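J.:
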Amino acid sequence: MLQLFFFYFTFAPTKESKDLNLIIDIGNTKAKIAFFDGGEIVDVVAESNQSLGCLKAFCSQYPVEQGIVATVIDLSEKVLADLAALPFPLLWLNHQTPLPVVNLYETPETLGYDRMAAVVGANEQFPHRDILVIDAGTCITYEFIDSKGQYHGGNISPGMQMRFKALHQFTGRLPLVDTNGRKLPMGRDTETAIRAGVMKGMEYEISGYIESMKHKYPELLVFLTGGDDFSFDSSVKSIIFADRFLVLKGLNRILNYNNGRI
Ligand SMILES: Nc1ncnc2c1ncn2[C@@H]1O[C@H](COP(=O)(O)OP(=O)(O)O)[C@@H](O)[C@H]1O
Ligand SMILES: CC(C)(COP(=O)(O)O)[C@@H](O)C(=O)NCCC(=O)O
Ligand SMILES: [K+]
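Under the numbering used here, the first residue of the sequence shown is numbered -13, with each subsequent residue one higher.
Next up, the structure:
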């Protein structure tokens, strides 16, 4: 079983004198807010993407030098005002932001910034490798970056909660099921049929991408990030790096890459 646990932690900054980077990743389900000291994550929290409620209190705990915001949703006036009031420079990631990788997406202006950040985070860890990055959040996104640091694009499919909700919403008889409960390889009642259908479907989808990309790029590495948990066969599991913080790490790298340009 490969499990990605959703735990968030706190530990003291290593060097008290050094100011930190504030990293904000606003997704369709959750906002993730983190502090980085150099390349190291110091503290991270998941917040409502509608309010970023803890932002001010969280920021008052650390000396912050600069920040970056990447959002895939439109923000409320309140959140925009709270961000504008932060007492340090803030880089808003957009399609014109200089990046440490080459972006071959044909419509960079419509690309989700979380997707680009995940790729930048993976490429930082293995700059000369072909990498498939899978982000299982509200949606599941599949990204490919090659060993020359060129991002080729990728695919978007529905995430786990979206699949459960869709089966309920677009039918007359299917209940809203979630991941908690009896898990069978093949369902024996409506509930187990839906649970296995959604969860096995995602696992087969992810495994299928890995196998077909691995066929084309034999040296392929795979990163898995995002909020959802999965289990895989050991053959697939052995080549997956699970990194809960890949998007945040990528945003931190983009911020450092643009140091002085904000
Ligand atoms: N605090 C949490 N505890 C457990 N699971 C969570 C938590 N927050 C999010 N998740 C799970 O992660 C998914 C969203 O993850 P995330 O990667 O943050 O999405 P997004 O980037 O689209 O906002 C949800 O579908 C949910 O299943
Ligand atoms: C695909 C996404 C909805 C994924 O969002 P998430 O699951 O991380 O909340 C987001 O990256 C997005 O809105 N992208 C815009 C379309 C594109 O990337 O081409
Ligand atoms: K995603």
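Don't be surprised by glycine CBs; every beta carbon is placed ideally from N, CA and C. Since we're looking at a predicted model, the values are computed, not measured.
Could you give the DSSP three-state label for Pro34: helix, strand or coil?
T.: The question names Pro, but residue 34 is Ser in the sequence shown. Three-state result, Ser34: strand.
J.: Is the Cβ-Cβ distance between Ile54 and Leu79 less than 8 Å?
T.: yes
J.: Please classify Tyr190 as buried or exposed, where buried requires at least 16 neighbouring CB atoms within 10 angstroms.
T.: exposed
J.: Under the assumption that Ala122 contacts Leu207 (Cβ atoms under 8 Å), give the Cβ distance between them as a whole number of angstroms.
T.: Going by Cβ atoms, the distance from Ala122 to Leu207 rounds to 17 Å, so no, they are not a contact pair.
J.: Grab me the residues of His81's own chain with a C-beta within less than 6 Å of its C-beta, minus the 5 sequence neighbours each way, in chain order.
T.: Pro94, Glu95
J.: Just to confirm my understanding: we take Phe231, look at its own chain, exclude 5 residues before and 5 after, and list those with CB closer than 6 Å. What are they?
T.: The residues are Ile27.
J.: Cβ of Arg101 versus every heavy atom of ligand 2: is any distance shorter than 7 Å?
T.: yes
J.: Note down the Cα distance separating Ser133 from Leu118, rounded to an integer number of angstroms.
T.: 11 Å
J.: Is Pro94 helix, strand or coil by DSSP?
T.: Residue state for Pro94 is assigned as helix, using DSSP reduced to three classes.
J.: Let me make sure I understand the geometry here. Which of Leu72, Ser193, Val88 has the alpha-carbon closest to that of Pro49?
T.: Leu72
J.: Taking Ser143 as part of the beta strand (DSSP E), name the residues at either end of that continuous run.
T.: 136 to 144
J.: Measure from the alpha carbon of Val65 to the alpha carbon of each residue in Ala17, Phe22, Arg159, Val105, then state which is nearest.
T.: Ala17
J.: What would DSSP say about Asn14, mapped onto helix, strand or coil?
T.: Reduced to three states, the DSSP call for Asn14 is coil.
J.: Compare the C-alpha of Asp164 against each of Asp214, His138, Met172, Leu241 and name the closest.
T.: Asp214
J.: Helix, strand or coil: how does DSSP classify Gln47 here?
T.: coil
J.: Check whether the Cβ atoms of Asn244 and Thr83 sit closer than 8 Å, and answer yes or no.
T.: The answer is yes: Cβ separation under 8 Å.
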